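If you read the sequence shown in numbering that gives the first Met the number 0, its first letter stands for residue 0, the second for the next number, and so on. From the three backbone atoms N, C-alpha and C, an ideal C-beta is built for every residue, glycine too. In this text, all values refer to a predicted model and were calculated from it rather than measured experimentally. A quick write-up on the structure given underneath.
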Amino acid sequence: MRFALPLAALILSASTALANAQCGGSFNGFVKGLKQEAIALGHSKNTVNKFFANVALDNRTIKADRAQGVFQKPFLEFSQRLISSNRLNTGKAKGNQYANTFARIERDYGVSRGVLLAFWAFETDFGGFQGDFNTLNSLVTLAHDCRRPELFRPQVFAALKLYESGDFSPAKTTGAWAGEIGMVQMLPADIIENGVDGDGDGKVSLKTSATDALMSGGKMLQHLGWQKGQPWLQEVNVPADMDWSLSGLNTTKPASDWAKLGVQPRQGNLANLPASLVLPQGRKGPAFLAYPNFKVYFEWNQSFIYVTTAAYFATRLEGAAPYNQGNPDTGLTGQQMKQLQKKLQARGYDVGKVDGILGAKTRDAVQAEQQRLGLPADAWPTPNLLSKI
């Protein structure tokens, strides 16, 4: 599930008034506004009319957008749900099957094969299910919806550009509910900017060519800032007397400084890079050092739980041992998390939407409250913390 916009500035080059057109209101009126903007961007009226001829509001897309309760699950449960022995074995087999492709990706874009194998597995089960939503309907529906119109409106015009080049069908192109297309789920703007004809057949076929899809994904990650030859996540052992307020992505230290504090790798050696200590389920659960490449994951997907799981799975596909589960403190239910978020809001914290998801803003607020209350500040909310706020 990709939520980044590399081409937004290019596509929204018309007037500010058009680019910031309002969402909501009559769907037909909204589509009329899209057509006017498309013509202002230089697309022919005939092409625009054909492109939008049968576009329709898709309530199934809205329902899918609202139903993301899976991200409320804690890291151990979420990761064990996504990482099965079958996926691990299939991933290793795919790595061997497409060894030449992955070698090219590593040479040209610097992205390690485990990273793309993990995305390929999580996004479409290695291409097995790429989504059955009409892509244009989903994009226009989400642009019309007022939750994130700034994200999806530019993608409508990117899809129009693909249509003009013969690479998009308003009636037949399908994918995920959020408008991503192909085996590694790329948004139209990303396809325009990073699509690669990896198999040399003259087409960028992200739905039918694994080589094209993987090469394109590798190029996109490089574009987003992936650094060649650098790690992204490494499991570590952490001393029990650690200053837990140092954990979290807001604190970065050279790996050598973490070593001085007693942080040690479970396998191999620490990299000579800046890193953050990540405790997805608190001080009693798995612990990782997250290196600079880890932050590139958030350009692909903004969910902390998804990113950490995808990054961990990538290390497993490249030979890392299973994590040490530890014995985390009992966390909160989704309803309790919403209660906590409301309490944190009442204390002046910005936790974003009250959605029951332990996202970055909620983690920061939890850690601050733990410090205020003299509790171990590991950003993992518990019933005890909920009762004390």
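Expected contact under 8 Å - CB spacing of residue i and residue j to nearest Å
i, j, result
"residue 40", "residue 51", "Contact flag wrong, Cβ pair sits at about 14 Å."
"residue 176", "residue 55", "Going by Cβ atoms, the distance from residue 176 to residue 55 rounds to 15 Å, so no, they are not a contact pair."
"residue 180", "residue 160", "The pair is not a contact, with the Cβ atoms about 14 Å apart (cut-off 8 Å)."
"residue 270", "residue 257", "Not a contact, Cβ separation roughly 11 Å."
"residue 121", "residue 138", "Rounded, the Cβ-Cβ distance is 22 Å, inconsistent with contact."
"residue 232", "residue 287", "5 Å"
"residue 215", "residue 185", "6 Å"
Residue i, DSSP secondary structure in three states
i, result
"residue 234", "strand"
"residue 185", "strand"
"residue 148", "helix"
"residue 173", "strand"
"residue 14", "Low confidence applies to residue 14: its pLDDT is 36, below 50, so where it sits in the model is not reliable enough to give any reading."
"residue 287", "strand"
"residue 125", "coil"
"residue 132", "strand"
"residue 375", "coil"
"residue 388", "coil"
"residue 190", "helix"
"residue 153", "helix"
"residue 104", "helix"
"residue 78", "helix"
"residue 382", "helix"
"residue 300", "coil"
"residue 195", "coil"
"residue 167", "coil"
"residue 119", "helix"
"residue 269", "coil"
"residue 6", "Because the pLDDT of residue 6 is 41, which lies under 50, any placement of that residue in the model is unreliable, and the number read from its coordinates should be weighed accordingly. Three-state result, residue 6: coil."
"residue 370", "helix"
"residue 162", "helix"
"residue 225", "coil"
"residue 329", "coil"
"residue 205", "coil"
"residue 351", "coil"
"residue 71", "helix"
"residue 111", "coil"
Separation of residue j from residue i, as counted between CA atoms
i, j, result
"residue 234", "residue 87", "18 Å"
"residue 75", "residue 227", "29 Å"
"residue 125", "residue 340", "36 Å"
"residue 372", "residue 384", "9 Å"
"residue 311", "residue 359", "18 Å"
"residue 350", "residue 336", "11 Å"
"residue 381", "residue 255", "32 Å"
"residue 53", "residue 203", "25 Å"
"residue 244", "residue 153", "39 Å"
"residue 168", "residue 253", "49 Å"
"residue 61", "residue 79", "28 Å"
"residue 376", "residue 322", "22 Å"
"residue 331", "residue 47", "49 Å"
"residue 35", "residue 24", "16 Å"
"residue 187", "residue 240", "48 Å"
"residue 320", "residue 266", "8 Å"
"residue 363", "residue 166", "43 Å"
"residue 195", "residue 38", "28 Å"
"residue 157", "residue 353", "32 Å"
"residue 317", "residue 347", "43 Å"
"residue 313", "residue 115", "8 Å"
"residue 276", "residue 260", "11 Å"
"residue 143", "residue 367", "37 Å"
"residue 237", "residue 378", "16 Å"
"residue 388", "residue 343", "8 Å"
"residue 146", "residue 268", "44 Å"
"residue 212", "residue 197", "8 Å"
"residue 12", "residue 223", "Per-residue confidence for residue 12 stands at a pLDDT of 39, beneath the threshold of 50, marking its modelled position as unreliable; the derived number appears in the next sentence. Computed Cα separation, rounded: 21 Å."
"residue 135", "residue 297", "25 Å"
"residue 283", "residue 118", "28 Å"
"residue 299", "residue 28", "32 Å"
"residue 290", "residue 171", "41 Å"
"residue 70", "residue 103", "34 Å"
Unbroken alpha helix (DSSP H) run spanning residue i, endpoints
i, result
"residue 309", "303-316"
"residue 220", "209-222"
"residue 45", "44-51"
"residue 319", "Here residue 319 belongs to no alpha helix (DSSP H), and DSSP marks it neither H nor E."
"residue 241", "First-last for residue 241: undefined, no H or E at that position."
"residue 60", "58-65"
"residue 30", "26-39"
"residue 337", "333-345"
"residue 93", "84-96"
Start-to-end residues for the beta strand (DSSP E) that takes in residue i
i, result
"residue 278", "Run containing residue 278: none; DSSP gives neither H nor E here."
Beta-bridge pairing of residue i - partner residues as DSSP gives them
i, result
"residue 263", "236"
"residue 180", "185"
"residue 252", "274"
Below-7 Å beta-carbon distance, residue i vs any chain B residue
i, result
"residue 136", "Absent here is chain B; the protein component of the structure consists of one chain."
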